[in-house]
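Working notes for the structure below.
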Amino acid sequence: MRKTTTGGGWPAVLYTLRKAREVGGILKLWKAMRSKNACKTCALGMGGQAGGMVNEAGHFPEVCKKSLQAMASDMQGAIRGQFFETYSLAQLQAFSPRELETCGRLTTPLLVSGDSQYYRPIDWNEALQRIVDKLAHLSPHQSFWYLSGRSSNEAGFVLQLLARLYGTNNVNNCSYYCHQASGVGLTSALGIGTATVSIEDVEGADLVFIIGGNPASNHPRLMRTLMQVRRNAGQVIVINPVVETGMVNFSVPSDLRSLLFGSQIASLYVQPDIGGDLALLTGVAKRVDELGAVDAQFLAAHCDGWDQLQSHLRSLNWDEICAKSGVDRQQIDEIARRYAAAKRVVFGWTMGITHHVHGVSNVQAIANLALMRGMVGRPRTGLLPIRGHSNVQGMGSVGVTPKLKQIVLERLQSHFGVQLPTEIGLDTMGCIEAARAGQLKFGFCLGGNLYGSNPDAAFVAKALQRLEMVVYLNTTLNTGHAHGLANETIILPVLARDEEPQPTTQESMFSYVRLSDGGPARHSGPRSEVEIVAELGRRLLGKTGPIDWDTLAQTREIRSLIGHILPGWEKISQIDQSKQEFRIAGRRLAEPLFATANGRAQMHLHELPIPSGEATQLRLMTVRSEGQFNTVVYEDYDLYRGQDRRDVILMHPSDLERLGLRHDMSVVVRSEAGAVNNVLARSFGKIKPGNALMYYPEANRLVPRHVDPASRTPAFKNVLVTVMPVSAEVGEMVAPTGKDTIPKPNAAGDLSTRDRMRAC
Ligand SMILES: Nc1nc2c(c(=O)[nH]1)N[C@H]1C(S)=C(S)[C@@H](COP(=O)(O)OP(=O)(O)OC[C@H]3O[C@@H](n4cnc5c(=O)[nH]c(N)nc54)[C@H](O)[C@@H]3O)O[C@H]1N2
Ligand SMILES: Nc1nc2c(c(=O)[nH]1)N[C@H]1C(S)=C(S)[C@@H](COP(=O)(O)OP(=O)(O)OC[C@H]3O[C@@H](n4cnc5c(=O)[nH]c(N)nc54)[C@H](O)[C@@H]3O)O[C@H]1N2
Ligand SMILES: [Mo]
Numbered sequence: 012m013r014k015t016t017t018g019g020g021w022p023a024v025l026y027t028l029r030k031a032r033e034v035g036g037i038l039k040l041w042k043a044m045r046s047k048n049a050c051k052t053c054a055l056g057m058g059g060q061a062g063g064m065v066n067e068a069g070h071f072p073e074v075c076k077k078s079l080q081a082m083a084s085d086m087q088g089a090i091r092g093q094f095f096e097t098y099s100l101a102q103l104q105a106f107s108p109r110e111l112e113t114c115g116r117l118t119t120p121l122l123v124s125g126d127s128q129y130y131r132p133i134d135w136n137e138a139l140q141r142i143v144d145k146l147a148h149l150s151p152h153q154s155f156w157y158l159s160g161r162s163s164n165e166a167g168f169v170l171q172l173l174a175r176l177y178g179t180n181n182v183n184n185c186s187y188y189c190h191q192a193s194g195v196g197l198t199s200a201l202g203i204g205t206a207t208v209s210i211e212d213v214e215g216a217d218l219v220f221i222i223g224g225n226p227a228s229n230h231p232r233l234m235r236t237l238m239q240v241r242r243n244a245g246q247v248i249v250i251n252p253v254v255e256t257g258m259v260n261f262s263v264p265s266d267l268r269s270l271l272f273g274s275q276i277a278s279l280y281v282q283p284d285i286g287g288d289l290a291l292l293t294g295v296a297k298r299v300d301e302l303g304a305v306d307a308q309f310l311a312a313h314c315d316g317w318d319q320l321q322s323h324l325r326s327l328n329w330d331e332i333c334a335k336s337g338v339d340r341q342q343i344d345e346i347a348r349r350y351a352a353a354k355r356v357v358f359g360w361t362m363g364i365t366h367h368v369h370g371v372s373n374v375q376a377i378a379n380l381a382l383m384r385g386m387v388g389r390p391r392t393g394l395l396p397i398r399g400h401s402n403v404q405g406m407g408s409v410g411v412t413p414k415l416k417q418i419v420l421e422r423l424q425s426h427f428g429v430q431l432p433t434e435i436g437l438d439t440m441g442c443i444e445a446a447r448a449g450q451l452k453f454g455f456c457l458g459g460n461l462y463g464s465n466p467d468a469a470f471v472a473k474a475l476q477r478l479e480m481v482v483y484l485n486t487t488l489n490t491g492h493a494h495g496l497a498n499e500t501i502i503l504p505v506l507a508r509d510e511e512p513q514p515t516t517q518e519s520m521f522s523y524v525r526l527s528d529g530g531p532a533r534h535s536g537p538r539s540e541v542e543i544v545a546e547l548g549r550r551l552l553g554k555t556g557p558i559d560w561d562t563l564a565q566t567r568e569i570r571s572l573i574g575h576i577l578p579g580w581e582k583i584s585q586i587d588q589s590k591q592e593f594r595i596a597g598r599r600l601a602e603p604l605f606a607t608a609n610g611r612a613q614m615h616l617h618e619l620p621i622p623s624g625e626a627t628q629l630r631l632m633t634v635r636s637e638g639q640f641n642t643v644v645y646e647d648y649d650l651y652r653g654q655d656r657r658d659v660i661l662m663h664p665s666d667l668e669r670l671g672l673r674h675d676m677s678v679v680v681r682s683e684a685g686a687v688n689n690v691l692a693r694s695f696g697k698i699k700p701g702n703a704l705m706y707y708p709e710a711n712r713l714v715p716r717h718v719d720p721a722s723r724t725p726a727f728k729n730v731l732v733t734v735m736p737v738s739a740e741v742g743e744m745v746a747p748t749g750k751d752t753i754p755k756p757n758a759a760g761d762l763s764t765r766d767r768m769r770a771c
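First residue of the sequence shown? That's 12 in my numbering, and the numbers climb one at a time after it.
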């Protein structure tokens, strides 16, 4: 593969033209991208009433490959008529994530049950009635309700309400596999679980930390902001075990100077070991204290716990910090000095921080560092969990959680004159484990790919098999539909955001609520998510109960209810008339007024985790490539890391040598959760020695079910593995099967890739 030395740039521009051709021309794609709907991909927040490709600071044009891919996916034709008669479950299981995605849009409800090997189309009435009949015969506690972050606030709100009225709090969203540690960590420190900044704050900072994330690939539009920080003579410090190409240099396609000459992003790039951030952040805090750079006045006026933290920092020794972080003292000193010299600092982070068993501690350590220098509660300073899905934050806000905020619970109860369950429901991993133990019988998934996003793929498949029924509401086929099967599996096809018949809203990572107009349906068949949920409510809980489901099928009415029930959301009640998008009250902290019990920020002490693993093992991170959106793979190559395929394990050349491996040798990767055969071991000088990288979701066979006890987020980024040449295992190993092998375009199943692609 050609070596890529910068992110973004001409490849991104050419890609746009290619995608436009695929979907029927640049004008058609342009019109779709400019419609008044919130962007479908990451939570940076774009579109809405300002029109597509406009960011929250009003900048235009803002576009990235991922938003084009998501749009092109929704603009696909329907899955062919004979498809489900032709392809059995076993054959669908042989499809790769990319092949499933490109089969086309789901347009009819589907059912597979019992021993049948084929999905068959069923009509809407039968599909909905089967679901309702099943629920009517179960105890509510035997059900769970999982939501992804692609749906609207309105759909999330009514669905969690339906589940609670039915009688369970087993309601959760993909945040439990994503930023839950950020919410828990921030709440413990500041009293709120969301970003304290706006995008303008980030742009106006003189130092931005990007910790454990690769926004060049996953939030490309943030790169314009980082470019702007550098142009304003500010700095960007990147903390990541991998030197990610686009974090070093990025060509912002919408900026001519940047497009032609590229923009330097990182001013300083520091590579800790996987899981070494807690020790590193603590080390930086210790050094900031040593330099006398703390803001004593701010600490005294607004924070609890500084004295204890200071003594703790002073008691730590440098050898321990360096050994546990993988970073030497000189580099820690360099970060601390730059931080001490800066006046307006924003800390941003993503999955490299949250996907650990000490994810909450990581987030608290970031908050400690910010508080030490008074970098929260002033304009152009603060904390920014860089969220994933476009409306994952909204899902949490509108109550798609196992426990409602007390005030929300009380308001709902008094508004409807009902009693809702009060026990704490199961989180996502809790649901999977309870299903495996036979305690759950029914699962309802609004969007997402619960099977594909889980650790321990073999375990989750067995867990879902034990359910009597699982229901998936999706736009396209994914691996969950092939592998995540219950006794009865129902797929309901839904409309995408820009096809909704009524307006919907979404919330960005900056707590900004957007209004999406919806638009004409591209296919007949799929239904609106809100309409489906309201119909289920009507059939399950009756027309005569406390809820008028006809009213709750109207998104305007749901917004009015949300405005009444959720603190800070009052303006949503008027949004249909005013078209005024808004920031949720109380989220951005321009003053150091914290929503904790005593109004003061709380600092936390941490033991530094001992780096796990033996000399023969590597620490494995499971990450995204540039060409995928979570479990949906658009391209098999990873442009920025220079990989032409996904069935690889990337490791430092010194590790290859140490383990007696050669570049491109076929290996078996083993962890406590399982093994993956026939992976290519690749030399990758950009990763810190001792650490390795594989692509998610294929590598989920290897990820054990260890979760952070405080946030219940799995440690997707820290899996201990051994890597052995396949040849060394001959005799012990059975021939690779489709299940044990990362699917390759030409592997697995009895169909060639060409056959399968022709099918779609
Ligand atoms: N193109 C694209 N965009 C996306 C997505 C997508 O799949 N594709 N997904 C969306 C979603 S839901 C999310 S949550 C975000 C995810 O966005 P990211 O968090 O940026 O995505 P990951 O691929 O999980 O990569 C995390 C980064 O963390 C680094 N890392 C791994 N372990 C550690 C560690 O221990 N410490 C540190 N400091 N760094 C570490 C990796 O090297 C990698 O660069 O992106 C969103 N946007
Ligand atoms: N090993 C490993 N595992 C991980 C991660 C990791 O880094 N490593 N990351 C984790 C993270 S951060 C996350 S967020 C989860 C992702 O978990 P999920 O959110 O559950 O999964 P996605 O792959 O984003 O879901 C994709 C599906 O969403 C459907 N979809 C798209 N648009 C819509 C829509 O408008 N409505 C509806 N109803 N459906 C729609 C499509 O059918 C598509 O197949 O995975 C987690 N799992
Ligand atoms: Mo995520």
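Each residue gets a CB set at the ideal place from its N, CA and C atoms; glycine is no exception.
No experiment lies behind these values; they were computed from the predicted model shown.
I'd like the list of long-range same chain contacts for residue i, defined as Cβ closer than 6 Å, with 5 residues on each side in sequence excluded.
i: Arg242; result: none
i: Gly459; result: Ser159 and Cys185
i: Gly223; result: Trp360, Thr361, Gly363 and Ile364
i: Met258; result: Ala227, Val249, Ile276 and Ala277
i: Glu542; result: Ala564
i: Asp85; result: Ala507
i: Phe220; result: Ile248 and Phe358
i: Ala497; result: Leu475, Leu478, Met480 and Val481
Following the continuous alpha helix (DSSP H) through residue i, name the residue where it begins and the one where it ends.
i: Glu815; result: For residue 815 there is no data in the structure shown, the boundaries of the chain being 12 and 771.
i: Cys456; result: Element bounds for Cys456: not the alpha helix (DSSP H) but the beta strand (DSSP E), Phe453 to Leu457.
i: Glu546; result: Glu540 to Leu552
i: Met406; result: Val403 to Ser408
i: Asn373; result: Gly370 to Met383
i: Phe272; result: Leu267 to Phe272
i: Val295; result: Asp288 to Glu301
i: Met234; result: Leu233 to Arg242
i: Arg325; result: Trp317 to Ser326
What is the residue span of the beta strand (DSSP E) that residue i lies within?
i: Gln565; result: Gln565 -> no beta strand (DSSP E), and no H or E assigned at all.
i: Arg45; result: It is not in any beta strand (DSSP E) - Arg45 instead sits in the alpha helix (DSSP H) that spans Ile37 to Arg45.
i: Trp360; result: Val356 to Trp360
i: Glu518; result: Thr515 to Glu518
i: Phe309; result: Counting along the chain, Phe309 falls outside any beta strand (DSSP E), though it belongs to the alpha helix (DSSP H) covering Ala307 to His313.
i: Gly194; result: Looking at the DSSP string, Gly194 is not in any beta strand (DSSP E); the run it does join, the alpha helix (DSSP H), is Gln191 to Leu201.
i: Leu731; result: Val730 to Pro736
Does the beta carbon of residue i fall short of 8 Å from some heavy atom of ligand 5?
i: Ile377; result: This structure simply doesn't include ligand 5; it includes ligand 1, ligand 2 and ligand 3 instead.
Assuming the contact rule is C-beta atoms closer than 8 Å, residue i and residue j should be a hit. Round their C-beta distance to whole Å, please.
i: Phe453; j: Glu479; result: 6 Å
i: Gly88; j: Arg116; result: 7 Å
i: Gly405; j: Gln517; result: 6 Å
i: Arg525; j: Gly202; result: About 25 Å; that fails the 8 Å criterion.
Using a Cβ-based criterion (distance less than 8 Å to any ligand heavy atom), does residue i qualify as near ligand 2?
i: Met362; result: yes
i: Gly59; result: no
i: Gly405; result: no
i: Cys50; result: no
i: Leu55; result: no
Between which residues of its own chain and residue i is the CB-CB distance below 8 Å, once the five residues before and five after are set aside?
i: Gln319; result: Met614 and Leu616
i: Tyr26; result: Lys76 and Leu79
i: Glu1; result: Residue numbering for the chain in the displayed model covers 12 to 771; residue 1 lies beyond these limits and cannot be assessed.
So with Cβ pairs under 9 Å, would you call residue i a contact of chain D?
i: Leu506; result: As a matter of chain content, chain D is missing from the structure shown, which is built from one protein chain.
Would you say the beta carbon of residue i comes nearer than 8 Å to a heavy atom of ligand 1?
i: Gly224; result: yes
i: Phe253; result: As written in the sequence, residue 253 is Val, which differs from the Phe given in the question. Yes, since a heavy atom of ligand 1 falls inside the 8 Å radius drawn around the Cβ of Val253.
CB-CB under 7 Å to residue i, same chain, minus the five flanking residues each way: which ones, in chain order?
i: Gly337; result: Pro283, Asp284, Gly287 and Lys699
Give a yes or no on contact between the region 347-356 and the region 705-718, applying the rule of three or more CB pairs nearer than 8 Å. no
Tell me whether the region 641-657 and the region 672-680 touch, counting them as touching only if at least three CB pairs, one residue from each stretch, are closer than 8 Å. no
Does the region 674-693 come within contact of the region 123-137, defined as at least 3 CB pairs closer than 8 Å? no
Would you call the region 707-726 and the region 191-205 touching, i.e. three or more CB-CB distances under 8 Å? yes
Pairs of beta-carbons, one from the region 586-603 and one from the region 275-295, closer than 8 Å: are there three or more? no
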